[in-house]
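One structure is given here, and the rest of the page talks about it.
Chains as they are written, first to last, in this note's numbering: chain A, 75 to 428; chain B, 75 to 428; chain C, 75 to 428; chain D, 75 to 428.
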C-alpha cells in the first residue's frame, strides 16, 4: 500500500512551521503535530534551550534558531508566530511575502497601522491571515455566542470580566495587552455591538514599568456596557465573566473544572404600581439555573482545524486580520485613556479612515 | 451603689429610639434591645405593617408611626435613623436639636452640605453623631485594619472590591450610594491614605432610572489605586475584596461562612538581570496562605457598644460625622464622573473649603 | 363571624408552650410567636439564664423554670419539647396525659419502646404527636421528594450523606443520634424503600465517651444502598448528600447559600459490545446540570403551619410518631452494629412485633 | 568537549520500556522520555491504535504490539507495566526473570500470593521492584507525611477520604481496586500505624458487575480509624481527605488548583467541670487555618527520579513490593467483608504466614 492511499494522505497535508517555542508555542506545536490536517515541518526559537526541547519532542521536524530559515523552508506552507508582540509584524509580513499562510498569537501586532499592513498584504496575495484569539474556539465561548445569537439572553445589559492572577510581568506589553485582550476578543465574537469609546484606569507598581493592574470600561450603544479587570498582581487566579441580559444572565467561570457556563433565569421587571416612596419600583425574579454540557475539545485543536479549512477553501477565519485590528484599536484607545486617568477616548472604527 | 447593681445599671442605661423598621431597622432594634447598655424605648415606622411587626417583637417599647413623637419622647436619649437617605438630614437635625445623640445608617445624608450642617450641630451641642458604617465593626475588617496598621501587608498596591447581587432597585439612591458606599467606608477605615480623585462609569438599564451597574476607580497617591464594582443586576452574589501590598496580599470574601480573610505570602520582586528581551524582569514568589481566626461577634452588637461608650465618655466615634462626610464627598465626585463617562473628578478634601 | 375577624382569629389560635430554651428552643419559640396560627403562651427552661433570655424576648408569654407548670397551664393547648433526649419521653407523656398536642425535637425518644408508648398514648387520646424532623420541611428536601416521586431520578442507586463539623460533644447522645438522625429522617421521607439492615462503624476519641465519628451503611432492597458519615470532629462543616438514580443524579449541598439542589443529567448505560478486555463494557453519559429555584421559607415556619393544620383537622403529620419510631429503630440497630465493628444488624420493622 | 562528555551522559542512562499505552501509560512514557536519568527505549501496546499514537509521539523508541519483544530488548534495562491488573503478575515475573528492574502500576497484582512471588523473585535477583503508588510522590502527600512525622498533627484520630466521580466501569477490577487503593497506599505511607481489620460495604448496580460504590472502614489501634468512600457513579468529582489529630486537622483536597493542603488549628479539649446535664463536657477550640506552599513538580517525575536512584544505588523504593503486598492484603480482606455486608475481617499481617 502506497503512502498516498493511506487514510489521511500526508502528501496533501499542510506543512506548518511554528516560530517561538517558549510559553505558548509548545501548545501550538503539539496541536499541529497531532492534527491530521497538518504536519509539523519546522520549529524555531532564538533560545537554544527551547530549541533543544522542541528537538526532543518533535524529532521529525526541522528545528532551528533562525526564523528566516523556517519561513523559507519549502515544506512550510503555513507559519504560526508565537513570539513577543514586538516581533509579530515583521515576522508575519515576511511570511506573507514568502507566500505562506499566517496564524499569529494575540495580539496581532503592536499598532493598528501594522495590522492594516498585514491585512492588505494577505489580501493582495490571497493568503489566510488569522489571529490566535484562542478563547473564541473554546466550547464555553462558542456556547455563549450561540445563546446570545438565538436570543436566549435577550438584550445584553453588560459584559463584566475579571481576569487576574499572579503573573509574569512582561517587558514588551502591559497587562491590558496581555490579559484584557482575551476579553476584548471574546466580546468581539459574542456581542452584537462594537464598542464606541473606552475609559481605562490602571497603575504600574514597578518603577518605569507598564501598568500591571488595569480597569477598562467599554461604552457601547445605550443599555450595554463592558468592563474588564486585568491584573498581574492578584494572590488568586480568577477568570470570571458575567453577561446579563433582559431575559437571562450568564456566569462563565473558566477556572471551574466543569460547569464553566451557568445560565440563570433571573432578571428584573418593572412594576409601576405607585406603592412605596423608596423601593420596589423595580422588582426582580429568581428562577432556575442551568449549566449546559459543553464540548471539551481543546480550543487549539478546533482552531487548527479551522485554520486548515480556511486555507483549503480560501475562507476568511472567524478571527481574521480585521478581528485582530478591531482589538488593537481598542487597546490603543485604552492606553490613551489610562494615561489620562480614565478620560473617555473614542474608538476608531476600522473603516473610519478609509 | 453596690457592686451587684453596678454591673447592669438598668436605671443608667441609655434610652434609644429607632426610626424606620423596614429592612435594616429590625437588626438595629434587635441589637439595641439585647444590649445591656441600652433600653429600646421606642420604634417608629410610617407603615402600619412595619409598626405592627415592631409592636409584636418589642412589646415593651413605644411603637408609633410618627417619628417626631419618638424624637420628643423623654425616655429617648439617642435616636437611630434607619430610613431612606432623603430623610436622614431632616430627622437627624431634628433629633440633634432635641438634644439627642444620633446614629444614622449609611450614607449619612444626601449631600456633603447636609453632612456639614449635622456635624456642626452635633459639635455645638456636644452630642454624639455617628454613622452606621457597619462593616467597620466586623471582625474581618477590624483584622484587616490591624494587619495593615502593623505593616504586615507592606505598602498597599491596590484595594479592589466586587459587591454585586440581584438587588432591589432603590428609588432614592443609585447602586453607588447603596453598595459602593460600603467599600468607600471600609477604605476610609483601613487605608493609610485618602483618595484624591475618582473616575466612575456605569449605566442605568431602566428608563429614567438611576445607575444600577457602576465602576469606580479611586486615585490615591502614587502606587495605590482603589476600584469598586457595584451592581444590582448580577445573577450571583459576590462580596470579595482584594488588597495587595508589597509584603503580602489579602483576599476578604464576606460570603465565606468561615475563613473570610485569607492572607497570602505572595508578591513580586524585581530582578534586574538583563537576561531576556520579553520576560522575567519582574519575578514573583508564592508562599503560604493563612486565614486567621476572626471574632464573629455580630458587627451591630460591637457598634452599639461603641455608640454607648462614645455617649458615656463623650468620645468621637470611629465612624463619626467626618467619616460620613468624607464618604459623601467621594459619592458626589463619583456621580459627576459617571455622568461624564469616567472623566476624572477631584475629590474635595473635607477641610478644603473651610 | 365577619370576614375581618375570620382571617386572623386570635381567639381561635392555638396556645403553645415551648419547653427548653437552650440551643434549638429559641428558633421554635420565635416561629411559633410569629405564626398567626399559634400564640406563644409559655416558655420554660431549667436554667435561669435561658429563662431570663426568653422573658426579654417574649414579654407576653409565661416564663417558668418548671416544665410541669407550663404543661398544666390552661392557655397551653400544645407542647413543644426542645430538651435533651433523655427527657423527651417523660415530658411528652405528661403533656399527652394532660390532653396537650405534642411536638418533640428529634430524636423522638431514647428507645423504640418509649416511642411506642407515646404513639399509643396519642392515639388513645386522639392527640397529635409530631416529631421535629426539620429537614423534611425545607424547600430542598421537599423538592427532592417531588423529583423522586415523579420518577425524574429513576430507580434510586444510592443515598450518600456527609454531615460533619466541629461540634459540641453531647453527653446524653452520640454523633449518630445527634447528626445521622437527620439523614435517616430525610431518607425515611424521600426514599421509596425502607432499610432492612445496617452496618455501622465508629469511634470515640474521648475516654468513656460516646462515638463522635461514625459511618452507617443502610441496606435496602437490591440496587439501593444508603450511607451516612456523621462527625463532631471535623475541621470543616460539610452537609452534602448525593442521590444517584438510573435517570439522573442529585447533589444536595445544604451549605450552599443558593442552588442547594443540583440535578445532573448523568448516568451510565450498558454497552454489550465485546470490544475490550478491560474497559468500556459500561459507558457513561454526561449531560446538563440544572438547579431548580427553591422555596426558601424557613422550615420551622412550614412545620409550625403543618402542626397547626394537623391539630385543626385531626390529621396525621408527615413526621408522625411512626416516623419517629422508624428512625429510632435504625439508631438502635446502628448502635448494636457499631459495638461489633460493622457486623450487620437487621432493622426491626415497626410492625414486626405486633 | 565532545557531545559524549555532556552533563548527563546518554550512554549511562537507563533504558526503559513501557508496556501499555492506554490511559496511564502515556503519562509514564512522557515522564520517562523527559527524564535525563532514562531514555525511553521501547513502548508496547496490544492495540494498534495505541501503538500508532506511541509511534507518533516517541519516534525514537521501538514501538511494538508484543510485550515480550519489549521485555527481551537489549536496550531495555527497566520495564514499566501499565496494563490491566490481571496481567501484572505474568508480565512483571517475566521481566524480572529477564533481569529487568520493574515498576508496576497499582495495584501490584491480583492476589497477595502473586505479590509475594514477585517480591521473592526480585530479591533473589537483586532487582528493584517498585509499585506506582503515584500519590505518595505528590507534593501534597509528602507534606502531609512530614507534618505527621514531626508531630504537628498530634495523635491521629481518623483518616477519612472521599474519592468519587463518574468513571469508567472496569471489567477486571472493582471500584475498591481502582480507587480506594489510592487511599490505602497513602495511608500506608503517612500513618504511623497499620490497619488490623476492615469492614467494607458496597453495591454493584450493573447485573453481574463488580461493586461500583464502596465504603471501607479500617480499624487500627484504639483511637485511630480510617474510612474510604470510593465510587464510580457520582455526578461530581470529589477527592477530599480529612485527617484529624489531637493537635491539628488537615483537609487535603486534590481538586483544588492551589492550596490543596489546609491545616486547621482546631480541636477539642476536655473540660471536666460538672456543669450541665447534656452538653459542654467536651469543648472545642477554633484557631487559624494555614495552607503551606507545596512543591508542584509532577509526581511521576519525582517517582521516575526515585526509581532511577533505587536502581543506581540498589535501594529499596518508598513504594516497594512490600508496600504493594500490604495494600493487596487490605483489598483482599475488604472484598471478603463486602461480600458479607460489612462483617469485619482481620487483615493478615505481611509477615504473619512466614
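Note that beta-carbon positions come from the ideal geometry of N, C-alpha and C, so glycine has one too.
- By DSSP's assignment, residue 420/B forms a beta bridge with 271/B.
- Membership of residue 367/D in any beta strand (DSSP E) is not indicated, and neither H nor E is assigned to it by DSSP.
- Taken atom to atom, the span from the alpha-carbon of residue 263/D to that of residue 189/C is near 48 Å.
- Look at the segment 249–270 of chain D: it has no residue with a C-beta under 8 Å from a C-beta of chain B.
- With 16 or more other CB atoms across the displayed protein chains lying within 10 angstroms of its CB, residue 152/A is buried.
- Bridge partners of residue 276/C according to DSSP: 288/C.
- Here residue 371/A is exposed, its C-beta having fewer than 16 other C-beta atoms within 10 Å.
- Scanning its chain for C-beta atoms nearer than 6 Å, with the 5 sequence neighbours on each side dropped, one finds around residue 178/B the residues 155, 162, 166, 205, in chain order.
- For residue 206/D, DSSP records a beta bridge to 179/D.
- In this structure, the CA atom of residue 302/B is about 10 Å from the CA atom of residue 289/A.
- Cβ contact annotation for residue 403/B (same chain, cutoff 6 Å, sequence separation greater than five): 186, 421, 422, in chain order.
- When the alpha-carbon of residue 181/A is set against those of 196/A, 169/A, 198/A, 209/A, the nearest one is in 209/A.
- Against chain A, the beta carbon of residue 303/C has no neighbour under 8 Å; the closest one sits roughly 24 Å away.
- Around the beta carbon of residue 229/C, a 10 Å sphere encloses fewer than 16 other beta carbons of the protein chains shown; the residue is thus reported as exposed.
- Rounded to whole angstroms, the separation of the alpha carbons of residue 130/D and residue 175/D is 26 Å.
- The three-state secondary structure of residue 314/A, taken from DSSP, is strand.
- In this structure the segment 374–387 of chain A does not lie against the segment 260–279 of chain A, because fewer than three pairs of beta carbons, one per stretch, are closer than 8 Å.
- With respect to the C-alpha of residue 394/C, the residue from 407/C, 405/C, 380/C, 406/C having the closest C-alpha is 380/C.
- Counting only the Cα atoms, residue 325/B lies some 7 Å from residue 337/B.
- Any Cβ of chain C closer than 8 Å to the Cβ of residue 329/B would place that residue at the interface, and such an atom is present.
- Contact check for residue 363/A against residue 365/C passes: the beta carbons are separated by less than 8 Å.
- Closest in alpha carbon position to residue 333/D, among 359/D, 279/D, 218/D, 236/D, is 218/D.
- Using a Cβ-Cβ cut-off of 9 Å, residue 360/C is close to 332, 367 of chain A, given in chain order.
- Counting only runs of 3 or more residues that sit fully inside the segment 106–183 of chain A, the beta strand (DSSP E) segments are 112–118, 136–138, 152–155, 175–179, in chain order.
- Of all residues in the segment 390–421 of chain A, none comes within less than 8 Å of chain D when Cβ atoms are compared.
- Taking residue 411/A as reference, the option from 128/A, 112/A, 293/A with the minimal CA-CA separation is 293/A.
- Listed along the chain, the chain D residues whose CB falls inside 9 Å of the CB of residue 306/B amount to none; the nearest CB is some 31 Å away.
- Runs of the beta strand (DSSP E) spanning 3 or more residues and lying entirely within the segment 211–257 of chain C occur at 230–240, in chain order.
- Around the C-beta of residue 194/B, fewer than 16 other C-beta atoms lie within 10 Å, and the residue is accordingly described as exposed.
- In the DSSP assignment, residue 395/C falls outside any beta strand (DSSP E) and within the unbroken alpha helix (DSSP H) covering 395–413.
- Between residue 232/C and residue 299/C, the gap from beta carbon to beta carbon is short of 8 Å.
- Listed along chain C, no residue sits closer than 8 Å to residue 122/B by beta-carbon distance, the nearest being about 14 Å off.
- Membership of residue 193/B in any beta strand (DSSP E) is not indicated; the residue belongs instead to the alpha helix (DSSP H) covering 186–199.
- Residue 118/B and residue 88/B do not touch by the CB rule: their CB atoms are close to 18 Å apart, not below 8 Å.
- Non-local C-beta neighbours of residue 112/B in its own chain, meaning closer than 7 Å and more than five positions away in sequence, comprise 87, 88, 90, 106, 378, 382, ordered along the chain.
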